[in-house]
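Note that numbering that gives the first Met the number 0 gives residue 8 to position 9 of the sequence shown, counting from 1, and the numbers run on in steps of one.
What follows is a short report on a single structure.
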Amino acid sequence: MKIALLLVRFAAWVVGDDRYREQWEADVVGARELGMSPLGVAFGAVRAVVVMPSKGAVVAGIGPLGIALKRAGTPRGQVLAIAVVSALLLLGGVVLLFA
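What follows is the structure in structure tokens.
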């Protein structure tokens with residue numbers, strides 16, 4: 000149960016809204032009464048955060064972060080994928096530079 004609550008708090012922190020934290024914590028606590036796994040409910044909250052559209056950012060980043068922030072109107076999972084792929088490409092270029 001503690002791990003599930005920590006996951007939910009982390010998911011709400013990523014979203015940046017205390018309303019989600021309160022709702023998701025209540026869902027985790029009441030999950031057993033409905034015959035559900037609290038950890039399954041917590042993973043559902045994490046999945047919800049990944050597909051939620053982000054609120055956008057007013058930061059002009061440079062590199063992978065800048066590309067990801069320009070697409071901030073898309074789901075967080077897509078923004079994260081762009082940032083990770085861009086960072087891996089950059090790392091690959093640095094490795095080839097010194098190889």
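Each residue gets a CB set at the ideal place from its N, CA and C atoms; glycine is no exception.
Just so we're clear, the structure is a prediction, and the values are computed from it rather than from any experiment.
The C-beta distance from residue 7 to residue 27 rounds to 6 Å, short enough to meet the 8 Å contact threshold. At a Cβ-Cβ threshold of 7 Å, residue 44 and residue 10 count as neighbours. Ranked by how close their Cα comes to the Cα of residue 4, the residues 37, 18, 91 and 90 have 37 in first place. In this structure, DSSP gives residue 36 a state outside helix and strand, which the three-state scheme calls coil.
The continuous alpha helix (DSSP H) containing residue 10 extends over residues 1-14. In terms of CA proximity to residue 48, 77 leads the group 77, 25, 97 and 30. Under the three-state reduction of DSSP output, residue 30 falls in the coil class, being neither helix nor strand. By the Cβ neighbour-count rule, residue 20 is buried, with 16 or more other Cβ atoms within 10 Å of its own.
As the crow flies, the alpha-carbon of residue 84 is around 31 Å from that of residue 17.
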